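Engineer:
Number of protein chains: 2
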Amino acid sequence: MSEQYKNITISDVAEALGVSKTTVSRAISGKGRIGEATRQRILEYIEEHDYKPNVIAKGLAQSRTYNICVVMPGNYSLVDLPFFQEIIMGIQEVAGMSEYDILLCTCQENDVAALERIVSNRKVDGVILLRTYVKDAQIELLQSKKLPFVTVGSTDYEHVVQIDHDHESACRELTSIMLMRKMKRIALLGGNDAFVVTKSRYKGFTEAFTSFGREPENELIYMNLESRVQIEKAVEELIDKKADCIICMDDAICSRVLVKLRQEEIHVPQDVRIASFYNSSVLENSTPSITSLSFDVRELGMASCKELLQMIENESVPEKTLLTYEVVLKESTK
Amino acid sequence: MSEQYKNITISDVAEALGVSKTTVSRAISGKGRIGEATRQRILEYIEEHDYKPNVIAKGLAQSRTYNICVVMPGNYSLVDLPFFQEIIMGIQEVAGMSEYDILLCTCQENDVAALERIVSNRKVDGVILLRTYVKDAQIELLQSKKLPFVTVGSTDYEHVVQIDHDHESACRELTSIMLMRKMKRIALLGGNDAFVVTKSRYKGFTEAFTSFGREPENELIYMNLESRVQIEKAVEELIDKKADCIICMDDAICSRVLVKLRQEEIHVPQDVRIASFYNSSVLENSTPSITSLSFDVRELGMASCKELLQMIENESVPEKTLLTYEVVLKESTK
DNA sequence: CTGAAAGCGCTTACAG
DNA sequence: CTGAAAGCGCTTACAG
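Same order as they appear, the protein sequences are chains A and B. The first sequence begins at 1 in the UniProt record's numbering and counts up by one. The second sequence begins at 1 in the UniProt record's numbering and counts up by one.
Encoded structure:
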């Protein structure tokens, strides 16, 4: 290491004040009995000399690291990026309040090697999983290691603490609105159904139909849309099939649908209504403006981190926390 | 903490094998003399019992953390996101090879509170600054603390290890190509010139003119373009001023320019040529395809991390490393 | 209310 | 080639 300041330690403080390290430690942590006078004296000295306890040493003594690991998927697309940006800001905000820092880790598909290294090296006290799979190696690893963790988004694994937006209700509500507006042929375009969130949204979609005594039309439902070509093809088919409303499961899909409709000179909302499940910045400046669900992603991050920290402190937390959402009606469904 | 596995320690290994902790430590680290037979025996035992040294404890003994801090700007826009994604992947790749992990930190503008906490808490051995300012509080903090750090991108601060793409040359070359193609009225649209990179690009732009014995026309140069409205206004004016080529300093600007031109029914490349300084995924599917500079961002991350690790190991590194680029000619400048 | 001592799990001169 | 001991900078029973 290059020559840094030799940092002042707890021993230096103790010596300078003629007390024991124990006493200094107590003054800082607030744990254990200590005379008010000595306490003040120590705190003042610390303030004045800008003493900062070494968190690493503290952690070693307490078997703590004061780090949490945030795991991002390695293969995310442009649309997801603002989501991850925002949620990390939220996590960071509450982590920082407890002197916790964030160790970043990316997991490609179900390859948990990176996460495993971090966990085996005991670099973190807990983990936040930003994306889970129906069959999820991360969850299995963490459960076997008995390390506290939470998932952002829902999972079917048992005894997993989950923080999520209520996608199912949200999509049920959005779909219901379209049904109330007398849409006859409602199409659904969705992505990878290996994600639990995709399944939840799909479920909400069908529930809405059921509550109206109707059934979704399978020929208007397209799932596992991955590429632009697939989406364009679906749109072409939907035009032929006379769909009068297209619900898109995410904004990436939606923005491509819009481009394709414009090419085909199909007008929104006159010829077809459009709604999207998630209002990211991708769709922000779209004309016409797009009806969509609105989720507070930063809040999601904050809630996730808060619960994880509680688990680390051995406090009990609800197994499932559902955050609310808003339906934002815009021009595209007029 | 919830009840986790009590991890096996170096003492357990030593005891089981009837050797000292010292010997076990040496077998693992490879430092110090040790009999080949004992070494094998220890390594085998470790392998079999899946012993992982506690990196935190190791770090405490060595005054190391095996963490580096990556600092992102807090206020980045949609366009920058893919850049940060990619560079972090690169950093992570080489960090992981040395058992290093990444502590994430975001700095809003010049508020270094978060970074300062991490540094004061001695949570990291070094720092990678992803974005620097002309006057930069991060750099000043790090220099005063004498903590090893590198910057991605150039800075005018002295004695700072910088890893960058050669923006100046890249922009000189791109501009030169436009000049060679007999463009008469070349416009330049740029962003915030508080960033050093903006200045470098601008410099390359003017140098190209100089080498052709010409001078850039100031009335065609628009800097500090922040909002969509500003960009649209600039484009309108450029149409009036009969610009025959527009060079955009980044893809966010470029994509808005393209939208505006389409609205105004100005055709690319027939009516005006377009080039952009950075080929992010934002412009990927644009029609016509856009001529731009191509930088390998992952490589940038890898190079940055590699140099930082070298500094941490007290090896010497060049103060400035410039990575190469490519000019990718596409339809927009035909 | 305060302190000496052991301990967290490693590393590393120093001896032998 | 190997080990006992001190040390990294904290915390925390246990005494007093």
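Virtual Cβ for every residue (Gly too), placed ideally from N, Cα, C. Note that the structure is a prediction, hence the values are computed from the model and not measured.
To test your reading of the DSSP string, which unbroken alpha helix (DSSP H) runs of 4 or more residues are found completely within the segment 88 to 157 of chain B?
Structural biologist: Taking only runs of at least 4 residues, the alpha helix (DSSP H) segments lying wholly in the segment 88 to 157 of chain B are 113 to 120, 137 to 145.
Engineer: By Cβ distance, which residues of its chain are closer than 8 angstroms to residue 269 of chain A, with the 5 residues on each side in sequence left out?
Structural biologist: Excluding sequence neighbours, residue 269 of chain A sits near 288, 331, 332, 333, 334.
Engineer: Show which residues of chain A have a CB atom less than 8 angstroms away from the CB atom of residue 120 of chain B.
Structural biologist: Those within 8 angstroms of residue 120 of chain B in chain A are 52.
Engineer: In whole angstroms, give me the CA-to-CA distance for residue 34 of chain B and residue 18 of chain B.
Structural biologist: Those two C-alpha atoms are separated by around 15 angstroms.
Engineer: Given that residue 250 of chain B touches chain A, what residues does it touch there, using C-beta distances under 9 angstroms?
Structural biologist: Chain A residues near residue 250 of chain B: none, gap ~16 angstroms exceeds 9 angstroms.
Engineer: Using the C-alpha atoms, what's the distance from residue 158 of chain A back to residue 324 of chain A?
Structural biologist: One C-alpha to the other measures close to 23 angstroms.
Engineer: Taking residue 171 of chain B as the reference, which of B:60, B:7, B:248 has the closest Cα?
Structural biologist: Nearest of B:60, B:7, B:248 to residue 171 of chain B, Cα basis: B:248.
Engineer: Check whether the segment 124 to 144 of chain B touches the segment 248 to 260 of chain B, taking contact to mean three or more Cβ pairs, one atom from each stretch, closer than 8 angstroms.
Structural biologist: No, the segment 124 to 144 of chain B does not touch the segment 248 to 260 of chain B.
Engineer: Just how far apart, CA to CA, sit residue 290 of chain B and residue 123 of chain B?
Structural biologist: Cα to Cα, the separation comes out at about 44 angstroms.
Engineer: Cβ closer than 7 angstroms: which chain B residues qualify as neighbours of residue 335 of chain A?
Structural biologist: Residue numbering for chain A in the displayed model covers 1 to 334; residue 335 of chain A lies beyond these limits and cannot be assessed.
Engineer: Can you tell me whether residue 195 of chain A is helix, strand or coil according to DSSP?
Structural biologist: In this structure, residue 195 of chain A counts as strand in the three-state DSSP scheme.
Engineer: Secondary structure at residue 203 of chain A, three-state DSSP: helix, strand or coil?
Structural biologist: The answer is helix: DSSP assigns residue 203 of chain A an H, G or I state.
Engineer: In the DSSP output, what is residue 72 of chain B paired with across the bridge?
Structural biologist: Paired residue(s): B:106.
Engineer: Closer than 8 angstroms between beta carbons: that is the criterion. Which residues of the segment 96 to 118 of chain B meet it against chain A?
Structural biologist: The residues in question are 96, 99, 101, 102, 103, 104, 105, 106, 114, 117, 118.
Engineer: Do residue 189 of chain B and residue 222 of chain B count as a contact pair if the criterion is CB distance below 8 angstroms?
Structural biologist: Contact flag set, yes.
Engineer: Look at the alpha carbon of residue 275 of chain A and the alpha carbon of residue 192 of chain A, and state the distance between them as a whole number of angstroms.
Structural biologist: Roughly 19 angstroms separates the two Cα atoms.
Engineer: Over the uninterrupted beta strand (DSSP E) stretch that includes residue 163 of chain B, give me the two end residues.
Structural biologist: Here the beta strand (DSSP E) through residue 163 of chain B covers 161 to 165.
Engineer: Can you tell which of B:58, B:83, B:26, B:313 has the C-alpha that lies nearest to the C-alpha of residue 278 of chain B?
Structural biologist: It is B:83 whose Cα lies nearest to the Cα of residue 278 of chain B.
Engineer: Measure the C-alpha to C-alpha separation of residue 236 of chain B and residue 181 of chain A and round it to an integer number of angstroms.
Structural biologist: So the two alpha carbons sit approximately 41 angstroms from each other.
Engineer: Kindly indicate if chain B contains any beta-carbon less than 8 angstroms away from that of residue 127 of chain A.
Structural biologist: For residue 127 of chain A, the answer is no, since every Cβ of chain B falls outside 8 angstroms of its Cβ.
Engineer: Between residue 197 of chain B and residue 271 of chain A, what straight-line distance do the alpha-carbon atoms span, to the nearest angstrom?
Structural biologist: Each residue's Cα considered, the two are about 47 angstroms apart.
Engineer: When the Cα atoms are used, what is the spatial distance from residue 138 of chain A to residue 112 of chain A?
Structural biologist: Cα-Cα distance, rounded: 6 angstroms.
Engineer: Which of the residues in the segment 82 to 97 of chain B, read from start to end, lie with their CB under 8 angstroms from any CB of chain A?
Structural biologist: So the list reads 82, 85, 88, 89, 92, 96, given in the order they occur along the chain.
Engineer: Between the Cα of residue 266 of chain A and those of A:23, A:48, A:11, A:244, spot the shortest distance and give me the residue it belongs to.
Structural biologist: It is A:244 whose Cα lies nearest to the Cα of residue 266 of chain A.
Engineer: Could you compute how far the alpha carbon of residue 10 of chain A sits from the alpha carbon of residue 46 of chain A?
Structural biologist: Using only the alpha carbons, I get a separation of about 10 angstroms.
Engineer: Decide if residue 195 of chain A is buried, meaning its Cβ has at least 16 other Cβ atoms within 10 Å, or exposed.
Structural biologist: Answer is buried; the Cβ neighbour count reaches 16.
Engineer: How many whole angstroms separate the CB atoms of residue 185 of chain B and residue 141 of chain B, which I take to be in contact at a CB cut-off of 8 angstroms?
Structural biologist: In fact, because the Cβ distance is near 45 angstroms, the residues do not count as touching under 8 angstroms.
Engineer: Output needed for residue 166 of chain B: all residues of its chain with C-beta closer than 8 angstroms, excluding positions within five of it in sequence on either side, in chain order.
Structural biologist: Counting only Cβ-Cβ distances below 8 angstroms, and skipping sequence neighbours, we find 322, 323, 324, 325.
Engineer: From this set, B:233, B:49, B:30, which residue's C-alpha is nearest residue 253 of chain B's C-alpha?
Structural biologist: Of B:233, B:49, B:30, the residue nearest in Cα terms is B:233.
Engineer: Please check the pair residue 28 of chain B and residue 56 of chain A, which I expect to be a contact at CB under 8 angstroms, by giving their CB distance rounded to whole angstroms.
Structural biologist: Going by Cβ atoms, the distance from residue 28 of chain B to residue 56 of chain A rounds to 20 angstroms, so no, they are not a contact pair.
Engineer: Where do the N-terminal and C-terminal ends of the alpha helix (DSSP H) with residue 23 of chain B fall, by residue?
Structural biologist: 21 to 29 is the span of the alpha helix (DSSP H), which, as asked, contains residue 23 of chain B.
Engineer: Report yes or no: is there a C-beta of chain B within less than 8 angstroms of the C-beta of residue 65 of chain A?
Structural biologist: Closer than 8 angstroms to some Cβ of chain B, the Cβ of residue 65 of chain A qualifies, so yes.
Engineer: Does chain B have any CB closer than 8 angstroms to the CB of residue 123 of chain A?
Structural biologist: It does: the Cβ of residue 123 of chain A has a partner Cβ on chain B nearer than 8 angstroms.
Engineer: Identify the contact partners of residue 59 of chain A in chain B, using a Cβ-Cβ distance below 8 angstroms as the criterion.
Structural biologist: Simply 56.
Engineer: Could you tell me whether the segment 84 to 104 of chain A touches the segment 298 to 306 of chain A, using the rule of 3 or more Cβ pairs below 8 angstroms?
Structural biologist: The segment 84 to 104 of chain A, when compared against the segment 298 to 306 of chain A, does touch it at the 8 angstroms Cβ threshold.
Engineer: State the beta-bridge partners of residue 63 of chain A as determined by DSSP.
Structural biologist: Paired residue(s): none; residue 63 of chain A is not in a bridge.
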